[in-house]
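Student:
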Amino acid sequence: MRDVYVLGAGQSSFGSFPEETYLTLFDDAFDAALDSVDGEFDPGEIEEAYLGTLGVGGRQIGLSGPAVTEHLGLHGVPTTRVENACAASGFAFRQAVTAVKSGVVDVALAGGYEVMTDASSDHTRWWLGVSGETEWERTSGTTFAGVYAQMASAHMDEYGTTAEDLSRVAVKNHANGAKNPKAHLGFECSLEDAVSAPSVADPLNLYHCCPTTDGASAAIVVSEEVAREASDAAVQVAGAGAASGRVGLFQRESLTSVPASVTAGESAYEQAGIAPDDLDFAEVHDCFAIAELLAYEDLGFCERGEAGRLLREGVTDPDGELPVNTSGGLKSKGHPIGATGTGQIVEAFKQLRGEAYVQVDDPKYGLTHNVGGSGGGVTVHVLERGEFA
Amino acid sequence: MRGIAAAGAYVPRFRLTTDELAEAWGTSHASGIERKAVPAADEDALTMAVEAAERALSSDAVDRDDLTLAAVATTTTPAEEGELLPRLARALDLPRSVATATVGGHTAAGAEALSRALDAEGPALVVAADCPAGEPAEGDHPLGAGAAAFVVDDDAPATVTGTAWYTEETPGVRFRERGGEEVASLDVTTYQRNAIREAVTEAVSSLPVDPADADAASVHQPDGRFPYRATADLPVSNGAVAAGTVVDRIGDAGAATVPLGLLAALDADDTGSDEGDAESAGTSIAAFFGGGTAAAVAVGGGLAVEGIDDLEDGTTIDYASYLRERGYVVSGDVAGGGAHVSLPNWRRSLDQRYRLVAGVCPECGGVSFPPEGACQSCHSRIEFEEFEAPRTGTVRALTVIGQGGAPPEFAELQQRDGAYAVAIVELEAAAGRVRLPAQVTDADPADVDVGDEVRATVRRIYEQEGVPRYGVKFEPIESE
Chain D
1 MRDVYVLGAG QSSFGSFPEE TYLTLFDDAF DAALDSVDGE FDPGEIEEAY
51 LGTLGVGGRQ IGLSGPAVTE HLGLHGVPTT RVENACAASG FAFRQAVTAV
101 KSGVVDVALA GGYEVMTDAS SDHTRWWLGV SGETEWERTS GTTFAGVYAQ
151 MASAHMDEYG TTAEDLSRVA VKNHANGAKN PKAHLGFECS LEDAVSAPSV
201 ADPLNLYHCC PTTDGASAAI VVSEEVAREA SDAAVQVAGA GAASGRVGLF
251 QRESLTSVPA SVTAGESAYE QAGIAPDDLD FAEVHDCFAI AELLAYEDLG
301 FCERGEAGRL LREGVTDPDG ELPVNTSGGL KSKGHPIGAT GTGQIVEAFK
351 QLRGEAYVQV DDPKYGLTHN VGGSGGGVTV HVLERGEFA
Chain P
1 MRGIAAAGAY VPRFRLTTDE LAEAWGTSHA SGIERKAVPA ADEDALTMAV
51 EAAERALSSD AVDRDDLTLA AVATTTTPAE EGELLPRLAR ALDLPRSVAT
101 ATVGGHTAAG AEALSRALDA EGPALVVAAD CPAGEPAEGD HPLGAGAAAF
151 VVDDDAPATV TGTAWYTEET PGVRFRERGG EEVASLDVTT YQRNAIREAV
201 TEAVSSLPVD PADADAASVH QPDGRFPYRA TADLPVSNGA VAAGTVVDRI
251 GDAGAATVPL GLLAALDADD TGSDEGDAES AGTSIAAFFG GGTAAAVAVG
301 GGLAVEGIDD LEDGTTIDYA SYLRERGYVV SGDVAGGGAH VSLPNWRRSL
351 DQRYRLVAGV CPECGGVSFP PEGACQSCHS RIEFEEFEAP RTGTVRALTV
401 IGQGGAPPEF AELQQRDGAY AVAIVELEAA AGRVRLPAQV TDADPADVDV
451 GDEVRATVRR IYEQEGVPRY GVKFEPIESE
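For the record, the sequence lines run as chains D and P. For the first sequence, full-length UniProt numbering begins at 1 and goes up steadily by one. For the second sequence, full-length UniProt numbering begins at 1 and goes up steadily by one.
1. Please classify D:Trp136: does DSSP put it in a helix, a strand, or coil?
2. Please classify P:Leu94 as buried or exposed, where buried requires at least 16 other C-beta atoms within 10 Å of its C-beta.
3. Three-state secondary structure (DSSP) at D:Ala110?
4. When the Cα atoms are used, what is the spatial distance from P:Asp277 to P:Asp270?
5. Taking one C-beta from the stretch 243 to 256 of chain P and one from the stretch 72 to 86 of chain P each time, how about it: are there three or more such pairs within less than 8 Å?
6. Please specify which runs of the alpha helix (DSSP H), each continuous and at least 4 residues long, are wholly inside the stretch 169 to 231 of chain P, giving them in chain order.
7. Residues bridged to D:Asn370 by DSSP?
8. Between D:Thr134 and chain P, is any beta-carbon pair separated by less than 8 Å?
9. Assuming D:Ile345 and D:Thr326 make a contact with CB atoms under 8 Å, what is their CB distance in whole Å?
10. Hey, is P:Glu480's beta-carbon within less than 8 Å of any beta-carbon in chain D?
11. List the residues of chain D whose Cβ lies closer than 8 Å to the Cβ of P:Pro468, in chain order.
12. Considering only the beta carbon of each residue, do residue 391 of chain D and D:Ala119 sit closer than 8 Å?
13. Compare the C-beta of D:Ala154 against all C-beta atoms of chain P and say whether one is closer than 8 Å.
14. For P:Ser425, tell me which candidate among P:Glu412, P:Leu413, P:Thr457 and P:Asp417 has the shortest Cα-Cα distance.
15. Using only CA atoms, which one of D:Ala260, D:Ala272, D:Glu355 and D:Val115 lies nearest to D:His285?
16. Could you check which residue in P:Ala419, P:Ala212, P:Arg459 and P:Pro171 has the C-alpha nearest to that of P:Val448?
17. What are the residues that DSSP puts in a beta bridge with P:Tyr420?
18. The beta strand (DSSP E) spanning P:Glu386 covers which residue range?
19. Going by beta-carbon coordinates alone, are P:Arg435 and P:Phe369 separated by less than 8 Å?
20. Excluding five sequence neighbours on each side, which residues of the same chain lie with their C-beta closer than 8 Å to the C-beta of P:Val367?
21. Could you tell me the alpha carbon to alpha carbon distance between D:Lys331 and P:Gly402, rounded to whole angstroms?
22. Going by beta carbon distance, what residues of the same chain come within less than 6 Å of P:Pro228, once the five residues before and after it are set aside?
23. Please decide whether D:Ala149 counts as near chain P, where near means a Cβ-Cβ distance under 8 Å.
24. Under the rule that 16 or more other beta-carbon atoms within 10 Å means buried, what is D:Phe187, buried or exposed?
25. By how many angstroms is the C-alpha of D:Val237 removed from the C-alpha of P:Phe410?
26. Quick one: which chain D residues come within Cβ less than 7 Å of P:Gln221?
27. How long is the line joining the alpha carbons of P:Ala49 and P:Ser321, rounded to whole angstroms?
28. With a 10 Å radius around its C-beta and 16 neighbouring C-beta atoms as the bar for buried, classify D:Glu384 as buried or exposed.
29. Going by alpha carbons, who is nearest to P:Ala7 out of P:Leu16, P:Leu207 and P:Arg55?
30. Bridge partners for P:Val472 per DSSP, in chain order?
31. Quick one: what's got a C-beta closer than 8 Å to P:Arg225's C-beta in the same chain, skipping five residues either side?
32. Curious, which full-length alpha helix (DSSP H) runs of at least 4 residues does the stretch 210 to 247 of chain D contain?
33. Less than 8 Å between the C-beta atoms of D:Gly10 and D:Ala218, yes or no?
34. Just curious, the beta strand (DSSP E) that P:Pro259 is in, first and last residue?
35. Quick one, are the C-beta atoms of P:Ala164 and P:Gly301 less than 8 Å apart?
36. Go through its chain and collect everything with a Cβ distance to D:Gly129's Cβ below 7 Å, but skip five positions before and after it.
Structure follows, in structure tokens:
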């Protein structure tokens, strides 16, 4: 197996762009990824593409992947559309890494895209619930926020986690996102704002929920040989973990953990040969505030029940021991479902090259954590600063 | 002789007082009715029938597997044409070979259903369940809701000692036009009163008991004064009429009112002794009237009726909530599509949705719900050993879906019933722990917490393409 590198990564602006299409948004992301390559790179070298999207709104349900690559002028490049809900492009990235690692190709494109804000509210609402377990969860009348709210209620009951703990996720991530010009909700919020916001699905309020966002992201995944030729500072994919889990929360052993995150994390750490302590930053899947708390515990940043303390003590602030979601996370940067996974790769790539908007001091290892649905599919990647002599 | 071996009553949780009604309209047309029962947005004649029948069948006196007949009386079938009894039978897990009868069209339907059961061989289930609707300015004022279930069998503690009928054309008294939702009456007052009194008098007089001996009489009761007027020509005491009158507390529950009045009488007559004491126990009379037919039934003895306390309980709501719960002001159209669970797939899961059937893994002993696919504990591909989980459990996780935040197929429910709680409920079975997501109904969502005890109840889940879907929800178990 070969070492695999990210040669370039970029994203479109995340936000509400109802007049853009998934094709035009991906254009922007692809251009940004090409621009991020520090050396010479010809897009004609791309041999394979894996693109993630849920397909919110029902636009081009079939073959949207090939539509994107043809639109980009990557004529004839074999393209696979990946669907794993909110983890679609985390898994697309994993596919690209596997293709390069195995030696099948030297250069693969990974990415994702989603357009969510151009439909009527009823139409959108219908689509938002489609990644929950349909037969039982959906027909019990829950929304997607509702399922995470159930996890929050169980975490509060079991560990005494509070609404204020949840709100600290919003305060921190908005503070970071306010510095990210490509963020959807690039403004700061106070703890008071975040605690007193209107309820969405009790105990989660508006500030505990990410927005619906339009956007696209892309990463160019290459072999070591290509990386050395085209760059002095490519970022290595040191660990690629992934796991599936029961799609319905009620079908899982625990209501306060995402088992697939645990498995994916362990596998990524093992491949990278590191422990959680070695991480210098992480981008975790904070679709809802409770999800960030669960991620801390599932990925070994702290013991069970301790996530609230990490937030209270500022451990995951930009100047803390382990900064989390320096991009603003899904909460502030936005969550264009299919674009989120590779969007996290973009932030990790920037951090490891010292180009982030909220830059961590001299990082060596960063982690990205992308969750599909409420935990039906998870990818965890450990990225390492490239050290080409 | 055949009689009533077990019985169950069910009245919805909400109550509207006539004072509140009068406040809203400046007047009220609900004479002698203090308050009336209001079916919640997820209730209808079927769900009330299931609940009352479940209560009757909880008695040790009967095994549901032995039932030979199931008969339902209602003027408000959920669909004008379609399934009612097959759904009831499935929800109650009755034998597939059970004979079925649906009786409707008038408020004496309960007498016809009871009559079928008395003529049948073996234990028979009879349920009268109704929630009539009327024109809100007037016709609706007295209308309530409720359900009464009887198990009829040989050698029962309450013996049916006689039945009698009287039928005569009586147009314009109470009717509903084809395709209409609202019951109407021409209100030709004296004509109507006389016609009903005459029919009731003829039927009751034909019973093989002396009406003067009746301790209780549940007489046709569209309002609180009518039963006294209807018995004016009979030697029935006012005390007996009072003992069989429930309309003052639940309103006019259509075909279910007289049956509920009879249950109130039988419960009051419960001596706590076993069968055979009928001679020493009192006599109750039920006098039905509907669509020109009067029917009288005499019962000797009594029995404890599960759920009879529902007559006195209830949560009072205001008039705006009443109009919402009943759907008088909310459109039933679902915009934007719905969850894609096909009807055949829904049907496939009925054992789970009605009877909470889960599965045990023969390899590891773990429990899975629904019992399909690989074992949720050891992930082996096995054939589950199925079992019915207990119908009470504990809330383990909870959310409240606020107004406007529901998935499209639940938008109407939310407009009518307001914010609702959705829980992950854990049922502790002998085989292990069963978990499922479900709505918590009949509760203020703000009062539900993780750790609360809840009980299963069958309700309307949602309607798609004109077909209502029913399944399990949970309601809080009131802590005493």
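Glycine residues also receive a C-beta, built at the ideal position from the N, C-alpha and C atoms. Owing to the predicted nature of the structure, the values given are computational and were not obtained by experimental measurement.
Tutor: In short:
1. Reduced to three states, the DSSP call for D:Trp136 is coil.
2. Buried, since its Cβ has 16 or more Cβ neighbours within 10 Å.
3. The answer is strand: DSSP assigns D:Ala110 an E or B state.
4. Low per-residue confidence applies at P:Asp277: pLDDT is 46, beneath 50, and the placement is therefore not dependable, though the value from the model is reported in the following sentence. So the alpha carbons of these two residues sit roughly 10 Å apart.
5. yes
6. 189 to 205 and 226 to 230
7. D:Thr379
8. At least one beta carbon of chain P lies nearer than 8 Å to the beta carbon of D:Thr134.
9. Their Cβ separation, rounded to whole angstroms, is 14 Å, which puts D:Ile345 and D:Thr326 out of contact at 8 Å.
10. Note that P:Glu480 scores 45 on pLDDT, short of 50, meaning its location in the model is unreliable; the coordinates nonetheless yield the value given after this. Answer no: the Cβ-Cβ gap between P:Glu480 and chain D never drops below 8 Å.
11. By Cβ distance, chain D contributes nothing, its closest Cβ being about 13 Å from P:Pro468, past 8 Å.
12. Absent from the model: residue 391 of chain D. The displayed extent of chain D is 1 to 389, so no value can be given.
13. yes
14. In the sequence as presented, Ser is not what sits at residue 425 of chain P; that position holds Val. Of P:Glu412, P:Leu413, P:Thr457 and P:Asp417, the residue nearest in Cα terms is P:Thr457.
15. D:Ala260
16. Per the Cα distances, P:Ala419.
17. Bridge partners of P:Tyr420 according to DSSP: P:Ile401.
18. Glu385 to Glu388
19. yes
20. These residues qualify, in order along the chain: Ala358, Gly359, Val360, Cys361, Gln376, Ser377, Ala429, Ala431, Gly432, Arg433 and Val434.
21. 21 Å
22. Reading off the sequence, residue 228 of chain P comes out as Tyr, not Pro. By the criterion of a C-beta distance shorter than 6 Å, P:Tyr228 is surrounded in its chain by Val241, once the five residues flanking it on both sides are discounted.
23. yes
24. exposed
25. 45 Å
26. Within 7 Å Cβ-Cβ: nothing; P:Gln221 doesn't reach chain D, min ~37 Å.
27. 24 Å
28. buried
29. P:Arg55
30. P:Val458
31. Ser31 and Gly32
32. 224 to 230
33. yes
34. That residue, P:Pro259, is in no beta strand (DSSP E); its alpha helix (DSSP H) goes Thr257 to Ala268.
35. no
36. Arg138, Thr143 and Phe144
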